[in-house]
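Enquirer:
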Amino acid sequence: MKLIILIISTWKRSYAALAALLARYWKNTFYLYLAGLFTIFAVADNSFFHFTAEVRQAAFDTMLHYRIVKPKPDPDIVIVDINEASLAAMAKEYGRWPWPRQVLGEFVEQVEKQNPKAIV
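The opening position of the sequence shown corresponds to residue 58 in my numbering, with each subsequent residue numbered one higher.
(1) Leaving aside the five residues before and after VAL168 along the sequence, list all residues of the same chain whose C-beta is less than 7 Å from its C-beta, in chain order.
(2) Determine whether the beta carbon atoms of ASP102 and PHE95 lie at a separation below 7 Å.
(3) Determine the direct distance from the alpha carbon of LYS84 to that of TYR72, and round the result to whole angstroms.
(4) So, helix, strand or coil for ASP133, using DSSP?
(5) Can you tell me where the alpha helix (DSSP H) with ASP118 in it begins and where it stops?
(6) Do you know offhand how far ASN172's Cα is from ARG158's?
(7) From the DSSP output, in three-state form, read off ASN103 for me.
(8) For VAL168, report the span of its alpha helix (DSSP H) as first-last.
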């Protein structure tokens, strides 16, 4: 029984000595190691993982989804989208995408007949 008490008291003293030593050591270098750890994380994230970019993009998407004021679309702006249905409908006549420049030129001519302020 005395042996167990001796072992426990020795262990407590050595544990306290180790804790004091680590406290003294970390007191001087803790923030240096913390800065190094953050630097390694930032370099690894920018080079390989891209976690912060994904979080930033998700936060931006959420912000746009829940914004208070949603601007109304300008009726003077028209967006022409070439989607899969358009490609399928024109495939017989003009072939697969990308279409020849002549086809796109005809499209621009038809749009110019309506006197737009700009074609972008």
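Note that beta-carbon positions come from the ideal geometry of N, C-alpha and C, so glycine has one too.
Expert: Let's see:
(1) The residue labelled residue 168 in the question sits at position 111 within the sequence shown. Contacts found: ILE176.
(2) By 1-based counting over the sequence shown, the position of residue 102 is 45. By 1-based counting over the sequence shown, the position of residue 95 is 38. No, they are not a contact pair.
(3) By 1-based counting over the sequence shown, the position of residue 72 is 15. By 1-based counting over the sequence shown, the position of residue 84 is 27. Distance between the alpha carbons of TYR72 and LYS84: 18 Å.
(4) Position 76 of the sequence shown, counted from the first residue, corresponds to residue 133. In the structure shown, ASP133 sits in coil (DSSP, three-state: anything other than H, G, I, E or B).
(5) Translated into the one-based positions of the sequence shown, residue 118 becomes position 61. Counting along the chain, the alpha helix (DSSP H) containing ASP118 begins and ends at 108-122.
(6) Counting from 1 along the sequence shown, the entry for residue 172 is found at position 115. Counting from 1 along the sequence shown, the entry for residue 158 is found at position 101. Using only the alpha carbons, I get a separation of about 21 Å.
(7) Your numbering for residue 103 matches position 46 in the sequence shown. Helix.
(8) Along the sequence shown, one-based indexing puts residue 168 at 111. From DSSP, the alpha helix (DSSP H) with VAL168 extends over 158-169.
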